[in-house]
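Heads up: the sequence shown at position 72 corresponds to 78 in my numbering, and the numbers run straight through without jumps.
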Amino acid sequence: MFIEVLQAKIHNVRLTQTELNYTGSITIDENLIDAAGMLPNQKVMIVNNNNGERFETYIIKGERNTGIIGLNGAAARKGQVGDELIIMTFTYLTPEEAKTHQPNNLFPDRNNRLV
């Protein structure tokens with residue numbers, strides 16, 4: 007048996023752009039993707055702290071060192087520039103593995119940079 011647990015979280019990043027006319031996804035600065043141990047095209051759950059929206063999409067690699075966090079396609083309707091987001095990935099582990107698992111939690115600064 008497997009259970010789904012938090013793999014990684016990028017906590018309270020600021021939304022820097024929205025692009026409605028796009029095929030979908032969230033663009034994330036490559037530094038944040040790497041530091042969190044996330045991968046391009048990986049499914050993520052997004053929580054918007056400003057409006058309470060919760061939704062799923064997938065990661066697109068953004069330019070490194072830009073601090074970009076962008077909602078694209080239909081997801082662009084789920085937030086406004088400046089909103090604070092939490093970006094999470096999950097993994098499946100056995101209950102025994104889950105007992106010692108530690109998710110990778112990032113807490114970037116107000117400009118979406120690693121501190």
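Every residue, glycine too, gets a C-beta built ideally from N, C-alpha and C.
If you draw a straight line from the Cα of I93 to the Cα of I32, it is about 9 Å long.
Secondary structure of T95 (DSSP, three-state): strand. Of all alpha-carbon atoms in F96, K67, T72, the one lying nearest the alpha-carbon of I52 is that of F96. For D35, no alpha helix (DSSP H) run applies; the uninterrupted beta strand (DSSP E) run containing it begins and ends at 31-35, by DSSP.
Counting along the chain, no alpha helix (DSSP H) covers E62; the unbroken beta strand (DSSP E) around it starts and ends at 60-68. Around the beta carbon of P114, 16 or more other beta carbons lie within 10 angstroms, which makes this residue buried. Restricting attention to Y64, L12, F8, the CA atom closest to the CA of N110 is found in L12. Between the alpha carbons of G68 and I75 lies a distance of about 8 Å. The beta carbons of L99 and H107 sit closer together than 7 Å. Residue I39 holds the alpha-carbon nearest to the alpha-carbon of I16 among I39, N71, Y64. L21 counts as buried, since at least 16 other C-beta atoms from the protein chains shown sit within 10 angstroms of its C-beta.
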